[in-house]
Amino acid sequence: QVQLVESGGGLVQPGGSLRLSCTASGSISGLNAMGWYRQAPGKQRGWVAGITTGGSTDYAWSVKGRFTISRDNNKNMVYLQMNSLKPEDTAVYYCNTQPRTYSWGQGTQVTVSS
42 QVQLVESGGG LVQPGGSLRL SCTASGSISG LNAMGWYRQA PGKQRGWVAG ITTGGSTDYA
102 WSVKGRFTIS RDNNKNMVYL QMNSLKPEDT AVYYCNTQPR TYSWGQGTQV TVSS
């Protein structure tokens, strides 16, 4: 069972940037796709971005053009670069396979507020 640990969240002003990291305890190189998900207060967890083993990416319409997902299979890491952050991006962010196969980690809190 691969364990996933997210980090890099924090408090940022609107328009700011953050880079989230996801560390996998095991190899992710053989997995078809990895994704970032988020859960805002009072809302269901939803998909944000995904990346295949080959590097093809896709994004939710709400973050397209602002967020960039990437992966380093050699380091078993997945990243989410978030630019032009908005208050509505406030949420706990999680990584997992796409579709999800592993237990959710603790996530990392992102708060966008002035």
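Position in the sequence shown (from 1) plus 41 gives the number in this note's numbering. Quick reminder that beta carbons are idealized off the backbone N, C-alpha and C, glycines included.
> Are the stretch 72-82 and the stretch 135-151 touching by the rule of at least three beta carbon pairs closer than 8 angstroms?
Replying inline: Contact holds: three or more Cβ-Cβ distances are below 8 angstroms.
>> What ranges does the alpha helix (DSSP H) occupy inside the stretch 45-77, keeping only unbroken runs of at least 4 residues that lie completely in it?
In response: Entirely contained in the stretch 45-77, not one alpha helix (DSSP H) run reaches 4 residues.
>> Residues in the same chain with beta-carbon distance under 7 angstroms from S68, minus the five sequence neighbours each way, listed in chain order, please.
In response: Along the sequence shown, one-based indexing puts residue 68 at 27. Same-chain partners within the cutoff: N117.
> Since Y143 contacts L61 with CB under 8 angstroms, what's their CB separation in whole angstroms?
Replying inline: Position 102 of the sequence shown holds residue 143. Position 20 of the sequence shown holds residue 61. The Cβ separation is near 17 angstroms, so there is no contact.
> Got a sec? Which residues, its chain only, sit under 6 angstroms from S66 by beta carbon, not counting five neighbours each side?
Replying inline: If you number the sequence shown from 1, residue 66 lands on position 25. Sequence-distant Cβ neighbours of S66 in its own chain, meaning closer than 6 angstroms and more than five residues away, are V43 and Q44.
> Per DSSP, which one or two residues make a beta bridge with W88?
Replying inline: Against the sequence shown, residue 88 aligns to sequence position 47. BP columns for W88 point to Y78.
> Should G50 go down as buried or exposed, given a rule of 16 or more other Cβ atoms within 10 Å for buried?
Replying inline: Reading the sequence shown from its first residue, position 9 is the one you call residue 50. G50 should be labelled buried.
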